[in-house]
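Enquirer: Numbering of the sequence shown is given in my numbering, commencing with residue 38 and proceeding in unit increments. C-beta atoms are modelled at their ideal positions from N, C-alpha and C, and glycine is treated no differently. Fair warning: this is a prediction, and the values are worked out from it, not measured in the lab.
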Amino acid sequence: MGKANFSLIVEFTLLGFSDLPNLQGFLFGLFLIIYIGILMGNGLIIIITKVDSALQTPMYFFLRNFSFLEICYTSVILPRILANLWTQKRNVSFVACAVQFCAFFVMAIAENFLLTVMAYDRYVAICKPLNYPLIMNHKVCVRLVVGSWMGGIPIHILLTYLIFSLPFCGSKNIDHIFCDIRPLLKLACGDTSVNEFTFYAVVLILGMFPFMLIIWSYMKIITTILKVPGTKGRFKAFSTCSSHLMVVALYFGCGIITYLRPSSGHSAGLDKVLSIFYTTVTPMFNPIIYSLRNKDVVVAIRKLLFK
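(1) Per DSSP, which one or two residues make a beta bridge with A225?
(2) Report the three-state DSSP secondary structure of N128 (helix, strand or coil).
(3) Quick check on D308: buried or exposed, where buried means 16 or more other Cβ atoms within 10 Å of its Cβ?
(4) I'd like the list of long-range same chain contacts for F105, defined as Cβ closer than 8 Å, with 5 residues on each side in sequence excluded.
(5) State yes or no: is the C-beta of T229 within less than 8 Å of the C-beta of L199?
(6) Just verifying my parser: in three-state terms, what is the DSSP assignment at F289?
(7) Considering only DSSP beta bridges, list what T50 is partnered with.
(8) Within 10 Å of its beta-carbon, does G62 have 16 or more other beta-carbons around it, so buried, or fewer, so exposed?
(9) I'd like the list of long-range same chain contacts for A337, defined as Cβ closer than 8 Å, with 5 residues on each side in sequence excluded.
(10) Does DSSP put V113 in a helix, a strand or coil?
(11) Closest to M249 by CA distance: which of T50, L167, L342, V154 is it?
(12) Short of 7 Å in beta carbon distance, which residues of its chain neighbour K257, apart from the five on each side in sequence? Order them along the chain.
(13) Helix, strand or coil for M173, going by three-state DSSP, please let me know.
(14) Pick from L60, I71, M245: whose alpha carbon is nearest that of G292?
(15) For S55, does the three-state DSSP call read helix, strand or coil?
(16) Starting from D333, trace the alpha helix (DSSP H) in both directions and tell me its first and last residue.
(17) Could you name the residues of the same chain whose beta carbon sits closer than 7 Å to that of P220, not counting the 5 residues immediately before and after it, in chain order?
(18) How many whole angstroms separate the CB atoms of I326 and S280, which I take to be in contact at a CB cut-off of 8 Å?
(19) Report yes or no: do three or more beta-carbon pairs, one from the stretch 135-150 and one from the stretch 52-69, lie closer than 8 Å?
(20) Please identify the residue among L287, P95, L195, P166 whose C-alpha is closest to the C-alpha of T261.
(21) Can you tell me the Cα-Cα spacing of F150 and L241, whole angstroms?
(22) As a quick exercise: from L224, I218, I71, pick the residue whose alpha carbon is nearest that of T295.
(23) Does P266 come out as helix, strand or coil in the three-state DSSP assignment?
(24) What residue range is occupied by the uninterrupted alpha helix (DSSP H) comprising K165?
(25) In whole angstroms, what separates the C-alpha of F43 from that of F201?
(26) Taking all protein chains shown into account, decide if L51 is buried (16 or more other Cβ within 10 angstroms of its Cβ) or exposed.
(27) Going straight from the alpha carbon of N323 to that of L203, what length do you get?
(28) With respect to the alpha helix (DSSP H) encompassing G188, which residues constitute its N-terminal and C-terminal limits?
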């Protein structure tokens, strides 16, 4: 009799911004502008780091891959939001929801790893400059990028299975802008504590461990910079990693607030706002940060525009 109460859910409904019917057109235009800005900004970074001979270094090789990852990362979320706002059809199949869920977290963990690799690159460049060409050779750089992309795939396929193997009953409405962990667990039947604990334990390890490595790298970097004689020399050394440090603070800060704040502080509206900032606004600002804070990138953009 208990099993008879469960209905097989073959699709969900992403409510998104359905509670703002008068703003659908405005929101579509806003998100379309943001998405185009992300594509153009990160695409420009990819182009200039590929074609400019002065930017053929490990630092810009990692930046190029980071920009490509940002495009993939937002493309998992924004096209679905735009389609929902344009058509007002918010249905998403069970399989499509699972694919979006898995792809989003695979990209997020890849970004964690890649930001860690970029911090390590700056650590070697500043703390071990004489050995930098030997340590960060092209083969090592390629392996680090591939490892960053592939590192989270097996685990998140398993975690996706763990979440989507749960029985879903009753409402099929996901009160969120994409298939995220908390809204999905609210729709699951029975005890989900083990699944939730396992998911957050893995995500915490894959998130906080890279973050701690980045903190360690910058502690070493700052210690080395303070030993550089003269204010000008210190400023030049710090300017090479200030852009990356700002991106790290923005990315991990948003991620920690979104996923690690207490359950009592969660509401559907606040979760949507934070998710928008985390998945769209941050990737939009990253090219701006690297452009404004990096003289080499500014020079390369000017050269490209003049051509």
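Expert: According to the structure shown:
(1) F205
(2) strand
(3) buried
(4) N79, I83
(5) no
(6) helix
(7) N128, N210
(8) exposed
(9) I85, T86, D89, A91, L92
(10) coil
(11) V154
(12) Y160, C164
(13) coil
(14) M245
(15) coil
(16) 332-343
(17) I211, D212, H213
(18) 5 Å
(19) no
(20) P166
(21) 13 Å
(22) I218
(23) coil
(24) Neither: K165 is in no alpha helix (DSSP H) and is coded neither H nor E.
(25) Any answer about F43 is weak, because its pLDDT of 45 lies below 50 and its placement is not dependable; what the coordinates show is given next. Going from the Cα of F43 to the Cα of F201 covers about 15 Å.
(26) buried
(27) 37 Å
(28) Segment: none, G188 is in no alpha helix (DSSP H) and carries neither H nor E.
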